[in-house]
Amino acid sequence: MDKVIVAKNVSLSYTADETIINQANFSVNSGSFVFITGASGSGKSTLLKSLFGAIKLKQGSLVVGGVELSKVSRSKLNFLRRHIGIVFQDYKLVKEWTIEKNIMMPLIINGYEKSVMTNQVESLLKHVRLKHQAGKYPLELSGGEQQRVAMARALSHNPILILADEPTGNLDEYSSELIWKLLEGANTQLETTVIVVTHHIPSSLNVDYKHFHIEYGTINEIN
Amino acid sequence: MKSIKNHLSLIVALVSILFSIQIFVIVERSIDAYKQNLANNYSVVVVSQKTITQKQFFRINKLINEVKVLSPDNVIKRLNSGIDKSNMDFLKLTLPKFYKLHLKKYPSPREIKRLRKDLLNNRFVIKVEDFSNTHDTIYRLLVLFKNVVLVFAAVVSLVTMLLILKELRIWQFKHNERMSIMGLFGAPTWLRSAVLFRLSIVDAIISSIIVFVIFSLIASSHWILNEFNNINISVVIFDNVGDFFVLFGISIVLSILLASMIVLGHKEEV
């Protein structure tokens with residue numbers, strides 16, 4: 000099976016003296032579902048950020064989707080990011096854009112045709128049950144609704160990899176369930192690799208998953 | 000309404016800069032026209048022992064545009080008290096020659112000095128009257144007026160630039176988040192900044208149109224035209240094509256510079 004992520008001796012840090020992730024070695028197969036857990040401040044989100052090049056490696060080699068992130072050019076990084084869908088805990092929606100346009104953003108960046116974009120957004124709005132809110136702005140929606148928009152945006156361009164940072168952290172049960180179903184669907188139906196940083200692995204999930212636990216800067220695989 | 004507010008501060012700043020520039024241009028044109036007017040009326044009187052031809056005068060100094068020989072008849076008339084005709088003809092021949100020199104442009108005090116020196120270097124020239132006191136006063140007054148307007152325009156531009164820089168910080172804050180989010184999804188720099196450049200170019204176009212309308216109205220104002228007529232000069236207040244394109248160019252360059260500064264100062268937030 001193809002590896003979508005290969006990390007060798009990866010160390011991550013924000014400052015010179017402190018190392019958050021120390022000499023991590025792991026790999027993720029294409030089409031797998033991965034959970035990353037750990038206590039608050041253990042480095043889960045830092046590890047996730049390193050997977051889309053938002054943090055530079057202190058040491059080691061990290062290959063994501065065939066792109067070596069330890070020495071990546073801006074254009075190559077943009078290329079990689081165009082094939083990744085990211086869901087943030089704080090949603091990161093563009094406030095001055097309607098939710099329709101927010102979902103459309105990765106499609107615009109990838110240069111899709113207008114008719115394709117419209118159809119895709121319409122279908123996703125239906126999936127996240129926000130069709131009636133299409134013209135609204137993010138701040139007019141509840142937290143759960145905003146996260147559903149962020150989820151739809153991450154799925155819109157059929158990425159090879161979805162990275163989600165505590166996607167259900169602050170959500171109500173209904174929205175949480177919907178988010179997990181969408182992630183499950185993307186993984187099982189579209190064979191998209193999904194990596195989720197979370198505190199709790201939902202019991203209702205019907206997928207085989209890999210579980211990495213971070214403790215004291217070390218990544219341990221639990222099965 | 001929100002959109003108008005977003006644009007207004009940059010438009011006002013750009014309009015102020017363009018307005019000061021055009022005012023300076025008008026003042027410069029007026030001074031040039033006035034100088035030409037003065038140059039037409041200004042002349043240097045030269046007294047020579049012998050005849051100097053027009054060609055010789057032109058060779059003495061390049062500023063000289065026209066040479067008129069002053070007739071000695073008036074002087075002779077005043078002396079004419081019982082002198083017979085043959086003596087009068089002899090007197091005419093022995094009297095020095097008087098020339099009135101018109102110049103190509105209104106000269107600076109330095110040019111006058113140089114002209115005077117060049118003329119006196121000619122062995123036949125015995126006297127040069129350049130009316131330098133009156134000339135210098137007028138010239139200095141014009142230069143002072145021009146400099147005052149230049150300083151005023153520079154101060155207005157400087158203050159406006161500071162306003163633009165402040166506006167730039169607000170824009171940076173406003174657009175940083177959207178640009179960062181687009182960056183997270185792999186948008187290239189040009190796409191992330193497209194909105195910003197579009198906004199600045201739209202603002203530049205709007206400011207140029209506003210300035211165009213203002214100066215077109217000023218240029219057709221009877222009061223303004225009468226004022227220029229009163230000082231006997233004719234000036235192009237606003238050239239609808241030439242001036243508009245210069246101001247439009249300045250406006251576009253400034254706003255693109257502004258947008259580029261925001262793009263260069265952008266830091267990705269995660």
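As they're listed, the protein sequences go chains A and B. Take the first sequence: its letter number 153 is residue 152 in numbering that gives the first Met the number 0, and every next letter is one higher. Take the second sequence: its letter number 125 is residue 124 in numbering that gives the first Met the number 0, and every next letter is one higher. Positions of the beta carbon are idealized from the N, C-alpha and C atoms, including for glycine.
- Taking CB atoms only, PRO166 of chain A has no neighbour in chain B less than 8 angstroms away.
- Residues of the same chain with a CB within less than 6 angstroms of the CB of GLY134 of chain A, apart from the 5 flanking positions on each side, are THR97 in chain order.
- Not one beta carbon of chain A lies nearer than 8 angstroms to the beta carbon of ARG168 of chain B.
- By alpha-carbon distance to ILE125 of chain B, the top candidate from B:SER131, B:ASN132, B:PHE243 and B:VAL46 is B:VAL46.
- Within the same chain, ILE102, ALA151, LEU154 and SER155 come within 7 angstroms of LEU123 of chain A by CB-CB distance, once the 5 residues on both sides are set aside.
- Only residues of its own chain outside the window of five on either side were considered, and among them VAL27, THR192, VAL193, ILE194, VAL195, TYR208, LYS209, HIS210 and PHE211 have a CB closer than 8 angstroms to the CB of VAL33 of chain A, listed in chain order.
- The alpha-carbon separation between VAL127 of chain A and VAL66 of chain A amounts to approximately 31 angstroms.
- When secondary structure is reduced to three states using DSSP, ALA23 of chain A falls in the strand class.
- Interface with chain B (8 angstroms Cβ-Cβ cutoff): PHE78 of chain A is included.
- Shown here, GLN88 of chain A sits in coil according to DSSP, grouped into three states, outside any helix or strand.
- Contact note: ARG177 of chain B reaches chain A through VAL93, LYS94, GLU95 and TRP96, using a C-beta cutoff of 9 angstroms and chain order.
- In this structure, the alpha-carbon of ASN146 of chain B lies about 25 angstroms from that of LEU102 of chain B.
- For SER42 of chain B, the secondary structure class from DSSP, reduced to helix, strand or coil, is strand.
- Any Cβ of chain A closer than 8 angstroms to the Cβ of ALA258 of chain B would place that residue at the interface, and such an atom is absent.
- Taking 4 residues as the minimum length, the alpha helix (DSSP H) runs contained wholly in the stretch 53-89 of chain B are 53-59 and 72-78, in order along the chain.
- Under the 8 angstroms Cβ criterion, the stretch 151-166 of chain B does not count as touching the stretch 227-235 of chain B, having fewer than three qualifying pairs.
- Bridge pairing for THR217 of chain A: A:GLU214 [DSSP].
- In the structure shown, ASN121 of chain B falls within a coil segment according to DSSP collapsed to helix, strand and coil.
- Secondary structure within the stretch 192-241 of chain B: the alpha helix (DSSP H) runs of 4 or more consecutive residues, fully enclosed, are 193-218 and 221-229 (chain order).
- Of the residues A:GLU165, A:LEU68 and A:PRO105, the one whose Cα lies closest to the Cα of ALA38 of chain A is A:GLU165.
- With respect to chain A, the C-beta atom of GLY264 of chain B has no partner C-beta closer than 8 angstroms.
- Here the alpha carbons of VAL93 of chain A and LEU138 of chain A stand approximately 10 angstroms from one another.
- Using a Cβ-Cβ distance cut-off of 8 angstroms, the stretch 77-84 of chain A and the stretch 27-45 of chain B are not in contact, since fewer than three pairs of beta carbons, one from each stretch, lie closer than that value.
- In the DSSP assignment, ASN8 of chain A falls within the unbroken beta strand (DSSP E) covering 2-11.
- In the DSSP assignment, TYR138 of chain B falls within the unbroken alpha helix (DSSP H) covering 131-183.
- Put simply, of B:LEU92, B:VAL68 and B:ASP238 the residue whose alpha carbon is nearest the alpha carbon of VAL212 of chain B is B:ASP238.
- CA-to-CA, the gap between SER199 of chain B and LEU257 of chain B works out to about 8 angstroms.
- Beta-carbon to beta-carbon, LEU160 of chain A and GLY64 of chain A are separated by about 6 angstroms, close enough to satisfy the 8 angstroms threshold.
- When DSSP states are grouped into helix, strand and coil, ILE161 of chain A belongs to the strand group.
- Counting only runs of 3+ residues, the beta strand (DSSP E) found wholly inside the stretch 108-176 of chain A occupies 160-164, in chain order.
- In the structure shown, ASN77 of chain A adopts helical secondary structure according to DSSP, grouped into three states.
- Out of B:VAL14, B:ILE10, B:LYS4 and B:SER19, the CA that lies nearest to the CA of VAL148 of chain B is found in B:SER19.
- In terms of beta-carbon proximity, LEU161 of chain B stays away from the interface with chain A, with every pair separated by 8 angstroms or more.
- Only those residues of the stretch 102-133 of chain A whose C-beta falls short of 9 angstroms from the nearest C-beta of chain B are listed: MET104, PRO105, ILE107, ILE108 and ASN109.
- Contact residues of the stretch 14-29 of chain A toward chain B are absent (C-beta to C-beta distance below 8 angstroms).
- Taking C-beta atoms under 8 angstroms as the contact rule, ALA6 of chain A and GLY59 of chain A qualify, at a distance of about 7 angstroms.
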